[in-house]
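Just so you know, we're using my numbering here: the sequence shown kicks off at 1 and counts up by one.
One structure below.
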Amino acid sequence: MAVDPNDIATLATRIGPRPPGSPYERRAAGYVIERLQQLGVASTLLPVRVPRGFNLVYATLFVVAAVSVPLALVSEVLALVVSFAALVLAALEVTGRPALSRLAATRTSHNVLGLIVPGRGLPAGESDQPRRVVITAHLDTARSGWLSQQPIVSQLRLLTVTTAAAMVLLPVLQAVALATPSRILWYVSLVPLVVLLGATVLVLQRELRGVPVAGANDDASGVAALLGIAEALRHKPPRELEVWLLFTAGAEAGSAGMRQFLRDNRFDPDHTFFISLDSVGAGAVRFTRGEGLLLLRRSSPMLLRIAGEVARDHPEWGLRPQTHRLPATDQSVVLLHGYPAIGLFAADVQGLIPNWHQTSDTPERVDIRTVARAVDVALAMIRHLDTSADHASAAPSRGSEPGSTTRP
Numbered sequence: 001m002a003v004d005p006n007d008i009a010t011l012a013t014r015i016g017p018r019p020p021g022s023p024y025e026r027r028a029a030g031y032v033i034e035r036l037q038q039l040g041v042a043s044t045l046l047p048v049r050v051p052r053g054f055n056l057v058y059a060t061l062f063v064v065a066a067v068s069v070p071l072a073l074v075s076e077v078l079a080l081v082v083s084f085a086a087l088v089l090a091a092l093e094v095t096g097r098p099a100l101s102r103l104a105a106t107r108t109s110h111n112v113l114g115l116i117v118p119g120r121g122l123p124a125g126e127s128d129q130p131r132r133v134v135i136t137a138h139l140d141t142a143r144s145g146w147l148s149q150q151p152i153v154s155q156l157r158l159l160t161v162t163t164a165a166a167m168v169l170l171p172v173l174q175a176v177a178l179a180t181p182s183r184i185l186w187y188v189s190l191v192p193l194v195v196l197l198g199a200t201v202l203v204l205q206r207e208l209r210g211v212p213v214a215g216a217n218d219d220a221s222g223v224a225a226l227l228g229i230a231e232a233l234r235h236k237p238p239r240e241l242e243v244w245l246l247f248t249a250g251a252e253a254g255s256a257g258m259r260q261f262l263r264d265n266r267f268d269p270d271h272t273f274f275i276s277l278d279s280v281g282a283g284a285v286r287f288t289r290g291e292g293l294l295l296l297r298r299s300s301p302m303l304l305r306i307a308g309e310v311a312r313d314h315p316e317w318g319l320r321p322q323t324h325r326l327p328a329t330d331q332s333v334v335l336l337h338g339y340p341a342i343g344l345f346a347a348d349v350q351g352l353i354p355n356w357h358q359t360s361d362t363p364e365r366v367d368i369r370t371v372a373r374a375v376d377v378a379l380a381m382i383r384h385l386d387t388s389a390d391h392a393s394a395a396p397s398r399g400s401e402p403g404s405t406t407r408p
């Protein structure tokens, strides 16, 4: 399926780096909605509030937890309260109920939403809602830094687990110390203190010294693929399946755009599916078994089955599953909300995303054939979902909650 390389060039070169909540991210949203209008796809801008990024949020939590160690020399009770509060706030961030990130969301941006109406048309009432697939890609880009360099990338999960263990260990040690007169546990707490200070240095280096990247692969390639899908479906829409094309803001800031979208829209999880396109421009196309650095969130069994069928139907595509062991993408947020989801991405022979969050992530390093292959895979999955929707069209659907979804 044809993909317009000009989409990648425009986003990554003419617009350039697109930090979350920046004017450049908003320009990218404007470009995308203009392209959808050119394709004849109904579309709209959806306002979103996003934080600058997740680096400062986690740096704040790590520092607060670390401060509890010297604080314990003054008041063990106060130290326990401080470290436990940091742990709770961090757990909320990881489990999809971010408190600190929402407080830090002071920048205004936009999601872009397009709609492909099923070939049979939209139903007249809520009692006959069609099945729906939401295909997503993100508009914004990340910053470079030590965290995106080898050998740190290959050890990122170990670093994440170690840091999480340090966050948990501190309040445990401090709670036990309340009943123990010895200072031994305080000296033991110096170990998680060092871990947290190291983690703080890494995230602050990225925030303060990192360079905003062009993001040709991550994720201008996904945006270009989604526009290619829009063009293909505009000419040949699914018969029964409604397709939403969602371009999110703030994915590199804790998936702020996706979180906002899911707060504003509630769907029937039995009839709504999500497919994420993230970094599909270099290497071989893969579909996610699951993703997450700390907590593995498994992809939908149904969508895994469909992706497996597509792989068997097209062995020449070299499509296969892989666990995505990098920071959570929009797919994780969708799974946390209880919706079926799967991701498509491309990886090199080592299973890594080429040029991930690096200044080398430029258009000349994107293979347009890989992007086109991702489009082929997504379209094949959409056709499979449409076929299953056709078979189920006679069955009653609970539909979305009345008034909870707004089409473009």
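For each residue, glycine too, the CB sits at the ideal point set by N, CA and C.
GLY250 and HIS138 closer than 9 Å at C-beta: yes
Nearest-angstrom Cβ-Cβ length linking ARG131 and LEU304, presumed shorter than 8 Å: Wrong, their Cβ atoms sit about 18 Å apart, outside the cutoff.
Neighbourhood of ASP330 by C-beta distance below 7 Å, restricted to the same chain and skipping five residues each side: THR136, HIS138, THR248, ALA251, SER255, MET258 and SER276
Which of helix, strand or coil DSSP assigns to PHE62: helix
Beta-carbon proximity list for ALA28, same chain, < 7 Å, skipping 5 on both sides: LEU11, ILE15, ARG18 and LEU139
Candidates PRO269, HIS314, ALA105 and ASP361: closest to PRO20 by CA position: ALA105
Nearest to ILE306 (by Cα), restricted to the options TYR58, THR387 and ASP361: THR387
Enclosing alpha helix (DSSP H) for PHE84 [first to last residue]: 76-94
C-alpha gap between PRO301 and TRP356, whole angstroms: 28 Å
Whole-number beta carbon distance between GLY281 and VAL375, since they are thought to touch under 8 Å: Contact flag wrong, Cβ pair sits at about 12 Å.
Buried versus exposed call for GLY40 [16 or more other C-beta atoms within 10 Å across all chains shown]: exposed
Within 9 Å, strictly: CB atoms of HIS324 and GLY308: no
Selection from PRO212, GLU207 and ALA166 that minimises the alpha carbon distance to LEU196: ALA166
Residue of THR163, ALA224 and HIS271 minimising C-alpha distance to ARG35: ARG35 has its Cα closest to that of ALA224, out of THR163, ALA224 and HIS271.
Reduced DSSP category for GLY228 - H, G, I as helix; E, B as strand; rest coil: In the three-state scheme derived from DSSP, where H, G and I count as helix and E and B as strand, GLY228 is classed as helix.
Alpha-carbon to alpha-carbon, GLU242 and SER127: Unreliable positioning characterises SER127 in this predicted model, as indicated by a pLDDT of 48, which lies under 50. The coordinate reading is nonetheless provided below. Rounded to the nearest angstrom, the two C-alpha atoms are 15 Å apart.
Cross-strand partners of GLY343 (DSSP beta bridge): Per DSSP, SER276.
Neighbour-count burial assignment, GLU25, 16 or more Cβ in a 10 Å radius: buried
8 Å contact criterion, which ASN55 and GLU207 should meet: CB distance rounded: 4 Å
Beta strand (DSSP E) segment containing LEU245, residue limits: 242-248
Option nearest ASP361 by Cα separation, candidates ARG49, VAL211 and ALA177: VAL211
DSSP-derived helix/strand/coil call for GLN149: Per DSSP, reduced to three states, the secondary structure at GLN149 is coil, with no helix or strand assignment.
Reference ASP7, options GLU76, GLN260, PRO363 and LEU352, closest by Cα: Selected option, being the one with the closest Cα: PRO363.
Backbone CA spacing between VAL82 and ILE152 [nearest angstrom]: 30 Å
Runs of alpha helix (DSSP H) wholly within the segment 126-211 (minimum 4 residues, chain order): Taken in chain order, the whole alpha helix (DSSP H) runs of length 4 or more contained in the segment 126-211 are 156-177, 184-188 and 190-209.
VAL50 and SER144 closer than 9 Å at C-beta: no
Opposing strand residues paired with GLN322 [DSSP bridges]: THR288
Cutoff 7 Å; reference SER148; Cβ partners in own chain excluding five residues on either side: When the five nearest sequence neighbours on each side are left out, the beta carbons in the same chain lying within less than 7 Å of the beta carbon of SER148 are those of TRP356, HIS357 and GLN358, in order along the chain.
Beta-carbon spacing of PHE261, ASN111 below 9 Å: At a Cβ-Cβ threshold of 9 Å, PHE261 and ASN111 count as neighbours.
Cα-Cα separation, GLY351 to ARG157: 14 Å
Where GLY318 falls, given that 16 or more other Cβ within 10 Å makes a residue buried: exposed
Distance between beta carbons of ALA59 and THR200, contact taken as under 8 Å: 5 Å
Close beta carbons around PHE62, own chain, < 6 Å, minus the five adjacent residues each side: LEU196, ALA199 and THR200
Cβ pair count under 8 Å reaching 3, the segment 167-181 against the segment 232-242: Touching, no, given that fewer than three Cβ pairs across the two stretches are closer than 8 Å.
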